[in-house]
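Undergrad: Numbering (the numbering used here), first residue to last: 20 to 671. This structure is in structure tokens; I'll ask about it shortly.
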Amino acid sequence: MPSRSPRPDREPADSPRPAGLSRRGFTTLAGTAAASAALAAPAVAAPARDTAPASRPGAERPNILWLVAEDHFTFLGCYGDRTARTPTLDRLAREGIRYEHSYSSAPVCAPSRFALISGVHPQSAGPAEHMRALGKVPDFLRGFPEYLRRAGYYCTNNSKTDYNTVVDTGATWDESSTTAHWRDRPAGAPFFAVFNDMTTHETCLFTAKDGRTRPSEVRLPAYLPDTPEIRADFAHYYDAMETLDGRIAAQLAELEAAGLAEDTIVFFYSDNGGVLPRSKRYCYEEGMRTALIVRFPEKWAHLAPRPAGSVEEGAVTSVDYGPTVLALAGVAIPDHVQGRPFLGVRRPRPAAYAFGGRDRMDERYDMVRTVRDARYRYLRNYAPHRPWGQQQAFAWLAKGYQSWEREHLAGRLNAQQERFWHPKPHQELYDLHADPDQVHDLADDPRHADTVRRLSRVLDDHIIAINDNGFIPEGSPLEGWEASRKPGAYPLRQVLELAGRAIERDPRHLSALVRALDDRNEAVRYWGAQGLLILGRRAAPAADRLARTLQRDSSPQVRIAAAESLVNLGRRTDEAVAFLAKTLGEHANPFVRLQAINALTFIDAETARPAYPAVAAAALSPNEYLHNAGRYLKFVLDGTYTPSSRVYEPVA
Numbered sequence: 020m021p022s023r024s025p026r027p028d029r030e031p032a033d034s035p036r037p038a039g040l041s042r043r044g045f046t047t048l049a050g051t052a053a054a055s056a057a058l059a060a061p062a063v064a065a066p067a068r069d070t071a072p073a074s075r076p077g078a079e080r081p082n083i084l085w086l087v088a089e090d091h092f093t094f095l096g097c098y099g100d101r102t103a104r105t106p107t108l109d110r111l112a113r114e115g116i117r118y119e120h121s122y123s124s125a126p127v128c129a130p131s132r133f134a135l136i137s138g139v140h141p142q143s144a145g146p147a148e149h150m151r152a153l154g155k156v157p158d159f160l161r162g163f164p165e166y167l168r169r170a171g172y173y174c175t176n177n178s179k180t181d182y183n184t185v186v187d188t189g190a191t192w193d194e195s196s197t198t199a200h201w202r203d204r205p206a207g208a209p210f211f212a213v214f215n216d217m218t219t220h221e222t223c224l225f226t227a228k229d230g231r232t233r234p235s236e237v238r239l240p241a242y243l244p245d246t247p248e249i250r251a252d253f254a255h256y257y258d259a260m261e262t263l264d265g266r267i268a269a270q271l272a273e274l275e276a277a278g279l280a281e282d283t284i285v286f287f288y289s290d291n292g293g294v295l296p297r298s299k300r301y302c303y304e305e306g307m308r309t310a311l312i313v314r315f316p317e318k319w320a321h322l323a324p325r326p327a328g329s330v331e332e333g334a335v336t337s338v339d340y341g342p343t344v345l346a347l348a349g350v351a352i353p354d355h356v357q358g359r360p361f362l363g364v365r366r367p368r369p370a371a372y373a374f375g376g377r378d379r380m381d382e383r384y385d386m387v388r389t390v391r392d393a394r395y396r397y398l399r400n401y402a403p404h405r406p407w408g409q410q411q412a413f414a415w416l417a418k419g420y421q422s423w424e425r426e427h428l429a430g431r432l433n434a435q436q437e438r439f440w441h442p443k444p445h446q447e448l449y450d451l452h453a454d455p456d457q458v459h460d461l462a463d464d465p466r467h468a469d470t471v472r473r474l475s476r477v478l479d480d481h482i483i484a485i486n487d488n489g490f491i492p493e494g495s496p497l498e499g500w501e502a503s504r505k506p507g508a509y510p511l512r513q514v515l516e517l518a519g520r521a522i523e524r525d526p527r528h529l530s531a532l533v534r535a536l537d538d539r540n541e542a543v544r545y546w547g548a549q550g551l552l553i554l555g556r557r558a559a560p561a562a563d564r565l566a567r568t569l570q571r572d573s574s575p576q577v578r579i580a581a582a583e584s585l586v587n588l589g590r591r592t593d594e595a596v597a598f599l600a601k602t603l604g605e606h607a608n609p610f611v612r613l614q615a616i617n618a619l620t621f622i623d624a625e626t627a628r629p630a631y632p633a634v635a636a637a638a639l640s641p642n643e644y645l646h647n648a649g650r651y652l653k654f655v656l657d658g659t660y661t662p663s664s665r666v667y668e669p670v671a
């Protein structure tokens, strides 16, 4: 996608800021008010030119309307939620098809929206898998509405973009703005119109007032403590969903009044799950699963897989939406697209698996890959040494997170609720039929060993097929669609095998991890260092080799992992902390600096204290992520942090 568009919402402040709902926009609001279930297609060589046809003249084609909600799990009556008040969306489900297994490619907006606009997994074009970043894409990878425009469609977006890469907005949309609307199309032109509704964005919790939903009415999942703040967050969210339902009603009424309902296929979906604690940003059902309803008028019912009122059980993910719209419009799907159409005359069989993952979320690093079949969710944690509950400044503006951490610090949680605040196992398995809250991990249960092996193998195949860039440290020149596909540049099979050993925390892999430190490839060395860090004190025999890596490796990301490991081992501590402080203060790449401050955050506070000047400087950084990571660690080093500390602060 060639350059020309503004950066996505809430981009770190080292880069230009976008229009739309930003963190700065939220601050203004607060001040004034107090989205492939499909198995991915195998990686293919880059096509020499665009393979989509320019047009299909003379054919009658449907209008297509996307009504997109922010940050919500299936809080709808039609999905069986008895607390929800969503009569419009419930009626839409009766008139259309409700998808039981619809998932986002990532449990947060920017990577998910990369998948939506491109039909490509964000992990295929690093660093698009991170929140937020600029995915490095080839010129032939276009926003899919561009192909619709060539076929005569009038395409509008109102108005969030957040595509996690640079998009040529002028080529992608006829109009993308807060006033963009299908009614402005030329006479006789079919339209593809997107309306992004921000009502249910997580910011709705930050300034919410009591509404119709009583906190006592809500059901809390087993992993959350029963506190007034968490109950209030749930109640506020149900109120926001009711408001959203009314806004959807107005959109549908407008379509009906214009006489276009019988010519228009209507989609309602959410860009990712959320937004209550342990949902958005996390790879469980509450973060990955999204609502999806599609209504076909009788005229276009032959393009639907089932009759109105049906429930579709096949898996769908964010990468599938773009190719599905192209199929409905009769436009050929370009060869590089990894998603598959789930609607249209020629559609493949319903997919058996939905894939997803998470990487850096704002200022905090983690890495998870996950696959879901009809019954089980399997997760693989590539940063098992980090807890799930890393403090994230923006998320902690919600009172629910503050309350949960407060209960943790007070020792008032049961085992299921406390787990969030501790390091992770390297893999997890949940039976969603028996355990919808995902609190009973079956990964080590011998009775489920075959399921673990099957889903692990399927996940490995997917990672290889999409050339997953997530194993490349952020900021490396290896990132990106083209750089990572150069012959010999990124030996993913070797890296995947090594990373699999690294996360097992097995001392028997020590020699393999040490050998990896001598490899010529940065990604291999990185996972050697990560594996030794994950081993903790059991990596002591490798201390001298880690010291050489700290002193000599050409990759700062590898040296950061080596430095943190040495501190944990109590070896060359002063040298390691000095390196982390220097990197935080001086490195040109803000994401390398961010990795350094994360390493400092997870070592003992007294040991990290010599880095205080660099931490204090980071707390004043114009880069949003460095700024908030610095503020948090400064609170910790000052001994003044509490869960309600105002860590998040907008940057100028």
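All C-beta atoms, glycine included, are put in the ideal place defined by N, C-alpha and C.
With DSSP as the reference, label Ser-289 as helix, strand or coil.
TA: Of the three classes helix, strand and coil, the one that applies to Ser-289 here is strand, per DSSP.
Undergrad: Would you kindly check if the distance between the Cβ of Leu-311 and the Cβ of Phe-286 is under 9 Å?
TA: yes
Undergrad: Measuring CB to CB, does Lys-653 end up less than 9 Å from Tyr-631?
TA: yes
Undergrad: Under three-state DSSP, which class holds Pro-37?
TA: No answer about Pro-37 holds up, because its pLDDT of 30 lies below 50 and its placement is not dependable.
Undergrad: DSSP state of Val-655, grouped into three classes?
TA: helix
Undergrad: If I measure Cβ to Cβ from Pro-492 and keep anything under 8 Å in the same chain, skipping five residues before and after, which residues do I get?
TA: Glu-541, Ala-542, Tyr-545, Ser-574, Gln-576, Val-577, Gln-614
Undergrad: Fully enclosed by the region 391-472, which beta strand (DSSP E) runs are 3 residues long or longer?
TA: 395-400, 446-450
Undergrad: Note down, one range per segment and in chain order, each alpha helix (DSSP H) of at least 4 residues found wholly within the region 184-218.
TA: 188-191
Undergrad: Check whether the region 463-482 touches the region 111-126, counting contact only when three or more Cβ pairs, one atom from each stretch, lie closer than 8 Å.
TA: no
Undergrad: Assign Arg-476 to one of two classes, buried (16 or more other C-beta atoms within 10 Å of its C-beta) or exposed (fewer than that).
TA: By the 10 Å Cβ count, Arg-476 comes out exposed.
Undergrad: Are the beta-carbon atoms belonging to Thr-232 and Tyr-257 less than 9 Å from one another?
TA: yes
Undergrad: What does the alpha-carbon distance come out to for the pair Lys-299 and Phe-413?
TA: 12 Å
Undergrad: Determine the closest residue to Gln-570 out of Arg-556, Leu-585, Ala-559, Arg-557, with distance taken between C-alpha atoms.
TA: Selected option, being the one with the closest Cα: Leu-585.
Undergrad: Indicate the three-state DSSP secondary structure (helix, strand or coil) for Ile-553 in the structure shown.
TA: helix
Undergrad: Check whether the region 329-346 touches the region 373-383, taking contact to mean three or more Cβ pairs, one atom from each stretch, closer than 8 Å.
TA: Below 8 Å, enough C-beta pairs join the region 329-346 and the region 373-383 to call them touching: three or more.
Undergrad: Taking the alpha-carbon positions, what's the His-701 to Gly-278 distance?
TA: Outside the modelled stretch of the chain, which goes from 20 to 671, sits residue 701, for which no answer is possible.
Undergrad: For the region 539-594, which segments carrying the alpha helix (DSSP H) assignment without a break, of at least 4 residues, lie completely within its bounds, in sequence order?
TA: 541-554, 562-571, 575-588
Undergrad: Going by C-alpha to C-alpha distance, which of Val-87, Phe-490, Ile-249 sits closest to Val-219?
TA: The residue asked about is misnamed: residue 219 is Thr in this sequence, not Val. Closest option to Thr-219, Cα to Cα, is Val-87.
Undergrad: Please classify Leu-603 as buried or exposed, where buried requires at least 16 other C-beta atoms within 10 Å of its C-beta.
TA: buried
Undergrad: Does the separation of the CB atoms of Asn-82 and Ile-284 fall below 9 Å?
TA: yes
Undergrad: Assign His-441 to buried or exposed, taking buried as 16 or more other Cβ atoms, counted over all protein chains shown, within 10 Å of its Cβ.
TA: exposed
Undergrad: Hey, is the region 544-560 in contact with the region 525-535, meaning 3+ C-beta pairs nearer than 8 Å?
TA: yes
Undergrad: Closest by CA to Glu-426, which one among Pro-164, Thr-661, Pro-146?
TA: Thr-661
Undergrad: Have a look at Tyr-182 and Glu-382 and give me their C-alpha separation to the nearest angstrom.
TA: Rounded to the nearest angstrom, the two C-alpha atoms are 19 Å apart.
Undergrad: Using only alpha-carbon positions, find the residue among Glu-304, Leu-428, Val-356, Glu-594 that is nearest to Thr-389.
TA: Glu-304
Undergrad: Find out if the Cβ-Cβ distance for the pair Gly-145, Ala-152 is shorter than 9 Å.
TA: Against a cut-off of 9 Å, the Cβ pair of Ala-152 and Gly-145 comes out as a contact.
Undergrad: Assign Val-364 to buried or exposed, taking buried as 16 or more other Cβ atoms, counted over all protein chains shown, within 10 Å of its Cβ.
TA: exposed
Undergrad: Would you kindly work out how many angstroms separate the C-alpha atoms of Arg-539 and Pro-510, rounded to a whole number?
TA: In a straight line, the C-alpha of Arg-539 is about 11 Å away from that of Pro-510.
Undergrad: Consult DSSP for Met-150 and reduce its assignment to one of helix, strand or coil.
TA: strand
Undergrad: Sorted by chain position, which residues of the same chain lie with C-beta nearer than 8 Å to Asp-245's C-beta, five sequence neighbours on each side aside?
TA: Leu-239
Undergrad: In whole angstroms, what is the alpha-carbon distance linking Ala-49 and Ser-664?
TA: For Ala-49, the predicted model reports a pLDDT of 35, less than 50, meaning its position is unreliable and no value from the coordinates is stated.
Undergrad: Between the alpha carbons of Tyr-8 and Val-514, how many angstroms are there, rounded?
TA: The question about residue 8 has no answer here: the residues shown for the chain are numbered 20 through 671.
Undergrad: Measuring CB to CB, does Trp-500 end up less than 9 Å from Gly-154?
TA: yes
Undergrad: Determine the burial state of Thr-198: buried for a count of at least 16 other Cβ atoms within 10 Å of its Cβ, exposed for fewer.
TA: exposed
Undergrad: Buried or exposed: which applies to Gly-507, given that a residue is buried once 16 or more other Cβ atoms fall within 10 Å of its Cβ?
TA: exposed
Undergrad: Since Met-380 sits in a beta bridge, which residues does DSSP pair it with?
TA: Per DSSP, the beta-bridge partners of Met-380 are Met-150, Arg-383.
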